[in-house]
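Step one of this worksheet: look at the structure below.
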Amino acid sequence: MKKIILLITFLGTVMLAAVAQTISVKERTEAYINSYKDLAIQEMLRTGVPASIKLAQGILESQFGESPLAKTANNHFGIKCKTEWTGEKTYQDDDAKGECFRVYKSPEESYRDHSDFLKTRPHYSFLFKLEPTDITGWAYGLKRAGYATNKTYPERLLRVIEDYQLNQYTIQGIAMMENKTAPVTTPTQNVTAANTVTEQPLTVATKNEPAVKNEILKSTTVKEETDTPQTELQTANTSIEKVKSTEEAEKKTTPVTEEKKTAAYPEGVFTINHTKAIHAKAGTSLLALAHQYDISLSKLFEFNELSELDILDIDRVLFIEKKQKKGASDYHEVTAGENIHEICQKEGIRMESLLEYNKLKKDSQLSAGQKLFLRSPAEINKAAGNNKRKSTK
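Note that UniProt numbering gives residue 63 to position 63 of the sequence shown, counting from 1, and the numbers run on in steps of one.
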């Protein structure tokens, strides 16, 4: 009986300890957020890195500020030395033994250098074309650009953002910009000159945030795939300006490419010629869309006959499965300014089929009023002949 009582007591103690530890982690994470949320917002206004993404990375990389690297080197983002770093260094085992990591004088300096690290490296530049609220685009974009090698890194970032409602700090940053509220200031940091940027106006557009997938949170250190050489930036003194309206902000973020007026499409998934499609806005991350609809990025390019691009340049219809070889009707009448790719997307037909039916090349010029076959001419003529014979009977 005593053994049973002791066993029950032991198990109860273990369970209570586990609960206490879980609460402790949550409390420590919340304490970390409270300590650095203002700094994350300030850095968002200065460089455009979303506050939610920065806080989530800080939590993951520094184990809410309690990793050895964060405690001994004030390095909250696991950033390695790289060739351009001239500051103090520390060596720790990571992918290899004795790897070089940057040492900072304060956590604030680490936060600032993290922003500059992303802003000044060319292979991260596409991220800054995303909306600050596009957390899925940012999370998967960081992985794609080589920030971390862990396959589940994007899901972990998104889980942290969701669990601790970090998007509120990105929204606060946007509101501060719109109201021209001065961000919280921190002491000037001694960050490597070659890796710093001046303040850049942050453009904002409104869009529904993509769905977040839940994954288990784990700590990960930065493992950049390539040691891309630092590019020299020519910067000028700029200030954060008030965004007068969402429409003006969207104009700033929209590429120069002239966008043609498109028909009204329903929200979500619909079908064109028995093929599933969506209508995506300019500025949307293709990587985020591929993840959202559970297809590979290469397949998304293939289904839509697109060359590789990170961000949509104009509003587009995108197919999320392979298009049909034949059109729903026999012909398409070309309107002024239409090109072959646009017609293929409107009709839900593969480009190779359209080119074959009409003896055209990919870059062939079309004329308004021109009729294009959406099916094999032989098939159309055969069907027409059958209909004619039926009518004469």
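Beta carbons: idealized from backbone N, C-alpha and C, even for Gly.
Residue environment, residue i, which counts as buried when at least 16 other CB atoms sit within 10 Å
i           : result
Ser296      : exposed
Gln42       : buried
Glu61       : buried
Val49       : buried
Tyr153      : buried
residue 400 : Here the chain covers residues 1 to 393 and nothing more, so residue 400 does not appear.
Val160      : buried
Lys143      : buried
Phe303      : buried
Ala384      : exposed
Asn208      : Bear in mind that a pLDDT of 38 at Asn208, under 50, signals an unreliable position, so the model cannot answer this.
Gly348      : buried
Tyr91       : exposed
Thr136      : buried
Ala70       : buried
Lys80       : buried
Lys37       : buried
Gly78       : buried
Ser285      : buried
Glu27       : exposed
Ser353      : buried
Closest residue to residue i among the options (Cα-Cα distance)
i      : options                        : result
Trp85  : Tyr104, Arg375, Thr47          : Tyr104
Ala73  : Lys323, Glu356, Ser110, Phe128 : Ser110
Gly58  : Ile314, Glu30, Leu312, Gly137  : Glu30
Phe101 : Asp116, Thr120, Gln165, Pro68  : Pro68
Ile272 : Leu318, Leu306, Lys281, Ser285 : Leu318
Lys371 : Ser52, Glu333, Ala384, Ile380  : Glu333
Thr149 : Asp94, Gly98, Met176           : Asp94
Glu376 : Ala139, Tyr331, Pro132         : With the sequence shown as reference, residue 376 is identified as Ser, and Glu is not the correct amino acid for it. The residue with the shortest Cα to Cα distance from Ser376 is Tyr331.
Pro266 : Gln292, Glu305, Asp294, Arg316 : Arg316
Ala277 : Lys346, Thr335, Gln92, Ala336  : Lys346
His274 : Pro122, Glu162, Ile320         : Ile320
Lys54  : Phe270, Met176, Pro132, Cys344 : Pro132
Ala336 : Glu356, Ser367, Lys359         : Ser367
Leu45  : Lys359, Ala175, Phe270, Asn358 : Ala175
Where residue i falls: helix, strand or coil (DSSP)
i      : result
Val317 : strand
Ser239 : Model confidence at Ser239 stands at a pLDDT of 30, short of 50, so the residue's coordinates are unreliable; what they give is reported in the following sentence. Ser239 falls in the coil class under three-state DSSP.
Asn381 : helix
Ser376 : coil
Ala175 : helix
Gln345 : helix
Gln324 : strand
Lys281 : coil
Tyr164 : coil
Tyr293 : coil
Ile272 : strand
Gln92  : strand
Lys105 : coil
Tyr331 : strand
Glu99  : strand
Ile33  : helix
Ile135 : helix
Ile311 : strand
Lys129 : helix
Lys80  : strand
Lys143 : helix
Lys371 : strand
Arg350 : coil
Arg46  : helix
Pro154 : helix
Arg121 : coil
8 Å Cβ cutoff met for residue i and residue j
i      : j      : result
Gly87  : His76  : no
Leu374 : Lys326 : yes
Leu166 : Ala56  : yes
Gly283 : Leu309 : no
Ser329 : Tyr169 : no
Leu157 : Ala139 : yes
Glu108 : Leu39  : yes
Ile314 : Tyr164 : no
Leu287 : Gly141 : yes
Thr47  : Lys119 : yes
Glu379 : Met351 : no
Check: residue i C-beta below 7 Å from any heavy atom of the ligand HEM
i      : result
Lys323 : The model on display carries no ligand, and the ligand HEM is accordingly not part of it.
*Count the CB pairs spanning the region 340-347 and the region 356-367 that are closer than 8 Å, and state whether there are at least three.*
yes
*Say whether the region 296-305 touches the region 107-122, bearing in mind that this needs 3 or more beta-carbon pairs closer than 8 Å, one atom from each stretch.*
no
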